[in-house]
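Novice: Here the protein sequences come in this chain order: A and B.
Under the numbering used here, the first residue of the first sequence carries the number 39, and numbering increases by one thereafter.
Under the numbering used here, the first residue of the second sequence carries the number 8, and numbering increases by one thereafter.
Backbone N, C-alpha and C fix where the C-beta goes; we use that ideal spot for every residue, glycine too.
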Amino acid sequence: AQSVTQLGSHVSVSEGALVLLRCNYSSSVPPYLFWYVQYPNQGLQLLLKYTTGATLVKGINGFEAEFKKSETSFHLTKPSAHMSDAAEYFCAVSDPRGYSTLTFGKGTMLLVSP
Amino acid sequence: DSGVTQTPKHLITATGQRVTLRCSPRSGDLSVYWYQQSLDQGLQFLIQYYNGEERAKGNILERFSAQQFPDLHSELNLSSLELGDSALYFCASSGRDSYNSPLHFGNGTRLTVT
Chain A
39 AQSVTQLGSH VSVSEGALVL LRCNYSSSVP PYLFWYVQYP NQGLQLLLKY
89 TTGATLVKGI NGFEAEFKKS ETSFHLTKPS AHMSDAAEYF CAVSDPRGYS
139 TLTFGKGTML LVSP
Chain B
8 DSGVTQTPKH LITATGQRVT LRCSPRSGDL SVYWYQQSLD QGLQFLIQYY
58 NGEERAKGNI LERFSAQQFP DLHSELNLSS LELGDSALYF CASSGRDSYN
108 SPLHFGNGTR LTVT
């Protein structure tokens, strides 16, 4: 079975500061990994995904994530936070072997202060 | 706008009742997924349909059922409702399976059981 752990239910940063949201996964096979963002009163939106190939993945809105197999991690970063980045972020994993569905972490709320 | 439409947006009902949540997937998408989001459990995968057939089943209670119709819209039926069923229910769609094409989420149906 797969699982995802997101460290920190809330992360607070100042505008312009580095954003780092942590995600660790557990999977018996090399997984596919995703980050989704949820703005208030909206559904989830894909930020970026890793399937195969380059381990540093760039997504929308200046976010990127690096797949580190040895650390079973897929942390999300952004060099400079913007007020509009305030939202809840979900890391997810899928099993590429079959009819895969996504297993989500519990989410991290990003708070950005001026 | 993700292109996934969920109705109704809000639903308030009493314990023991039955409700139906409706989802219209993005044009051209064959896969429909249902997720339940609650504060304590996070995002839980319920069930997936692909082109009218059940593809995968997650933590879906026996009191819950779903189907996907020939026009590809889907309905999630929740019966004998309990207070603990209060949650946000999301529908998502994708072109094929989630690892080859990303999930597109609707804005959810907020169910309140009183």
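#1: Specify the secondary structure class of residue 102/B as computed by DSSP and reduced to three states.
#2: Within 7 Å of any Cβ in chain A, is that where the Cβ of residue 114/B sits?
#3: Within the continuous beta strand (DSSP E) that includes residue 62/A, where are the two ends?
#4: Using beta carbons (cut-off 7 Å, strictly below), is residue 50/B in contact with chain A?
#5: Grab me the residues of residue 51/B's own chain with a C-beta within less than 7 Å of its C-beta, minus the 5 sequence neighbours each way, in chain order.
#6: Listing by chain order, which chain B residues have their CB less than 9 Å from the CB of residue 40/A?
#7: Evaluate residue 8/B with the Cβ neighbour count: other Cβ atoms within 10 Å of its Cβ, from every protein chain shown; 16 or more gives buried, anything less gives exposed.
#8: For my contact list, residue 95/A and residue 63/A are in at a C-beta cut-off of 8 Å; report their separation, rounded to the angstrom.
#9: Are the region 144-152 of chain A and the region 44-53 of chain A touching by the rule of at least three beta carbon pairs closer than 8 Å?
#10: Quick check: the region 33-41 of chain B against the region 73-89 of chain A, are there 3 or more CB pairs under 8 Å?
#11: Would residue 81/B and residue 56/B qualify as a contact pair, given that the criterion is a beta-carbon distance under 7 Å?
#12: Using a threshold of 7 Å, state whether the C-beta atoms of residue 71/A and residue 60/A are closer than that.
#13: How long is the line joining the alpha carbons of residue 109/A and residue 93/A, rounded to whole angstroms?
#14: Using 7 Å as the limit for Cβ to Cβ distance, is residue 43/B near chain A?
#15: According to the Cβ coordinates, are residue 70/B and residue 45/B closer than 7 Å?
#16: Near residue 113/A, which residues of its chain fall below 7 Å by C-beta distance, leaving aside the five closest residues on each side in sequence?
#17: What is the rounded straight-line gap between the Cα of residue 78/B and the Cα of residue 49/B?
#18: Measuring only between beta-carbons, confirm whether residue 144/A sits less than 7 Å from chain B.
#19: With H, G and I counted as helix, E and B as strand and the rest as coil, what does DSSP make of residue 49/B?
#20: Could you spell out the range, first to last residue, of the beta strand (DSSP E) harbouring residue 53/A?
#21: May I have the straight-line CA-CA distance separating residue 123/A from residue 87/A, to the nearest angstrom?
Specialist: Taking the definition as stated:
#1: Here residue 102/B sits in coil by DSSP.
#2: Judged by the 7 Å Cβ criterion, residue 114/B is in contact with chain A.
#3: Segment 57-64, the beta strand (DSSP E) holding residue 62/A.
#4: It does; some Cβ of chain A falls within 7 Å.
#5: If we look at residue 51/B and ignore the five residues flanking it on each side, its Cβ neighbours are 42, 43, 65, 66.
#6: Correct list: empty, because the minimum Cβ distance to chain B is about 11 Å.
#7: Residue 8/B comes out exposed.
#8: That belief does not hold up - the Cβ atoms of residue 95/A and residue 63/A are roughly 14 Å apart, past 8 Å.
#9: Contact holds: three or more Cβ-Cβ distances are below 8 Å.
#10: Verdict: no, contact absent.
#11: For residue 81/B and residue 56/B, yes; Cβs fall inside 7 Å.
#12: Their beta carbons are not under 7 Å apart, which means residue 71/A does not touch residue 60/A by this criterion.
#13: Roughly 13 Å between the two C-alpha positions.
#14: Chain A has no Cβ within less than 7 Å of the Cβ of residue 43/B.
#15: Cβ distance not < 7 Å, so residue 70/B and residue 45/B don't count as in contact.
#16: Cβ neighbours of residue 113/A beyond the five flanking positions: 58, 59, 60, 61, 103, 104.
#17: C-alpha separation (whole angstroms): 30 Å.
#18: Closer than 7 Å to some Cβ of chain B, the Cβ of residue 144/A qualifies, so yes.
#19: DSSP, read as helix, strand or coil, puts residue 49/B in strand.
#20: Note, residue 53/A: premise wrong, no beta strand (DSSP E); not H, not E.
#21: Rounded to whole angstroms, residue 123/A to residue 87/A spans 18 Å at the Cα level.
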